[in-house]
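The structure appears right after this line, and notes come after that.
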């Protein structure tokens, strides 16, 4: 992909790396008008821009189209050629990590990871390439067979088949995470806190272009001759060169939409830099500051653990993609705008397919940075969206006054979880879920290297009010509006009489003597029953309306949905309050500590006032 190391400036006839019907050309050309890069990226696969020189790949059709631009190309030796590609034909031969595995060894190693660590690892085959090879993921978690509400983090490498360092880094990372679990606290915390998906090779057809036993003639494109990292749709639907959607692209898109990875890194070679979005447009991502921060953290770690000059290309090891050069059909951008994850591209080696003896060094340079980037996925806002019955909900989360149409995230329907990575600060979130009014969550604090948990609940459980009635007289009030309608006096079990301050009902009297037709919320009642019973109501909590009190004694309903201390419940009239009484067979005076739903109270005030419950 993008490359910063100078390739020797000599003209060589391209080694014929045909897949039967096309060649793969590697070349450079001089371009003084950088504004043409966007146009040219629709024709060829640009690999790097260094000064006025552009380095690029092309298949036969792309090469023919480039010839019509009038630009003069200089063919270069293909960077995937590697005469020092020592190969390992067995798992034991990979023990020192200074060899490349044959394709069969790679498949065997992946299968053995799951077999050796069945409680921590399973292998997912995302599908079969054009050439019939497998795109495999090692899924690692402490509860690997269950989908937990935890961040789903993904590493993938070598979608350009000739960029092989990431391939070995990923294999070794899988092995290290599994073998170090339980003994290394850092590794154990990652496995316990996240679901890790690691794909060592996203384009095995390109890597093993020369056959399953060697990577010596690896190439960039897939078996059909297309650059997979220019084959994803942009937000406007564009793909470079109008190339047909490739099998490998469709497989990755399907997996991305199904799994909704939260934080992703895509490992490449040909440069040493962390490339962050956007690639397809110059407009900055709304999370540009956060992207710069995590990119800088990776680059700094690699620089601290690598030799002088390692991973310091462009802006000392980081770059905005479009500022380097614009590409279309880039997977990094697709993950961000379509799958609503967050992805960067990490270029880990100036040499695309280096000698196998150099591979252990790249592990040393990148190990701490690899773990540090995954740990970034444990921070930020960790949310759960559900309904009042604890069912997970799919919702759209918008950071207010921050997000645009390409940067909102969604909670997962399977468990309601969402993860929103942000720079430290205080944010307001708008949560939108079909069938409900939006919920605004204000003042969400995001701190550096910390998780901020939040829970968003849509809907309200019906308020349940159970009023126990003793034989004889009781004082009650209702603070819910039943879904089935307000209770009628005649429906009350064991009723002998019910009355308010102005109206009454007695089932033994003719109807024309009864003036109380229904029991209303927010009013106080005397009720007499012939035997103990319970009045049960379910519905919405009635509005907390203000109650006018007159100087002296007032018979008052209790409106809050929970019991409160007297001083708390009556704080609004504390300046006028003289006494509160409740009738439980007897009046209690100066002994009342709490006020409870379902009861009515006598309240004595020394001045007309307005009671507003909290």
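Residue numbers (this note's numbering): 249 to 862.
C-beta: ideal position from N, C-alpha, C; glycine also.
Query	Result
For residue 454, does the three-state DSSP call read helix, strand or coil?	helix
Shorter than 8 angstroms from the beta carbon of residue 334 to some beta carbon of chain C?	Although the question refers to chain C, the structure presented lacks it and comprises just one protein chain.
Counting Cβ pairs, one atom from each stretch, are 3 or more of them under 8 angstroms apart for the stretch 336-344 and the stretch 311-323?	no
If you measure between the beta carbons of residue 570 and residue 529, is that distance less than 8 angstroms?	yes
May I have a chain-ordered list of the alpha helix (DSSP H) segments no shorter than 4 residues that lie completely inside the stretch 606-684?	607-624
Which residues in the same chain as residue 317 place their Cβ atom closer than 8 angstroms to its Cβ, once the five residues preceding and following it in sequence are excluded?	288, 291
Taking the C-alpha atoms as reference points, what is the distance between residue 616 and residue 729?	60 angstroms
Pick from 560, 564, 527: whose alpha carbon is nearest that of residue 580?	527
Could you have a look at residue 730 and say whether DSSP puts it in helix, strand or coil?	strand
Closest to residue 383 by CA distance: which of 391, 372, 390 is it?	372
Can you tell me whether residue 408 is helix, strand or coil according to DSSP?	coil
Taking Cβ positions, are residue 523 and residue 572 nearer each other than 8 angstroms?	yes
Check whether the Cβ atoms of residue 859 and residue 820 lie closer than 8 angstroms to each other.	yes
Where residue 226 and residue 629 are concerned, what is the direct C-alpha to C-alpha distance, given to the nearest angstrom?	No answer is possible for residue 226: the residues shown for the chain start at 249 and end at 862.
Closest by CA to residue 404, which one among 544, 394, 422?	422
Just to confirm my understanding: we take residue 397, look at its own chain, exclude 5 residues before and 5 after, and list those with CB closer than 6 angstroms. What are they?	663, 665
Measure the beta-carbon distance from residue 381 to residue 452 and round it to whole angstroms, keeping in mind my assumption that it falls under 8 angstroms.	4 angstroms
Please report the distance separating the alpha-carbon of residue 574 from that of residue 286.	6 angstroms
Do three or more CB pairs link the stretch 790-807 to the stretch 732-741 at distances below 8 angstroms?	no
Could you check which residue in 672, 688, 638 has the C-alpha nearest to that of residue 645?	688
I think residue 446 touches residue 386, with their Cβ atoms under 8 angstroms apart; what is that distance to the nearest whole Å?	5 angstroms
Could you pull the DSSP bridge partners for residue 597 from this structure?	519
Counting only runs that start and end within the stretch 496-554, where is the beta strand (DSSP E) found for 3 or more residues in a row?	511-516, 519-524
What's the gap between the Cα of residue 328 and the Cα of residue 563?	26 angstroms
In the DSSP assignment, what are the bridge partners of residue 439?	For residue 439, which the question treats as bridged, DSSP gives no partner whatsoever.
Mind reading off the beta-carbon distance from residue 399 to residue 626? Whole number of angstroms is fine, and I expect it under 8 angstroms.	6 angstroms
What does the Cβ neighbour count give for residue 661, buried or exposed, with the cut at 16 atoms within 10 Å?	exposed
Using only alpha-carbon positions, find the residue among 494, 310, 780, 532 that is nearest to residue 716.	780
Hey, is the stretch 465-475 in contact with the stretch 427-441, meaning 3+ C-beta pairs nearer than 8 angstroms?	no
Can you tell me whether residue 256 is buried or exposed? The criterion is at least 16 other CB atoms within 10 Å of its CB, across all chains shown.	Caution is warranted here: a pLDDT of 27 is assigned to residue 256, below 50, making its placement in the model unreliable, and the coordinate value is therefore given only provisionally. Exposed, by the Cβ-count rule.
Identify whether residue 761 lies in helix, strand or coil by the three-state DSSP scheme.	helix
Compute the Euclidean distance between the alpha carbons of residue 208 and residue 394, then round it to the nearest angstrom.	Nothing about residue 208 can be reported from this structure: the residues present for the chain run from 249 to 862 only.
Give me the DSSP bridge partner(s) of residue 688.	678
Curious, which full-length beta strand (DSSP E) runs of at least 3 residues does the stretch 792-823 contain?	795-797, 800-805
Rounded to whole angstroms, what is the Cα-Cα separation between residue 548 and residue 516?	18 angstroms
Run the CB neighbour count on residue 538, radius 10 Å, all protein chains shown included, and call it buried at 16 or more, exposed below.	buried
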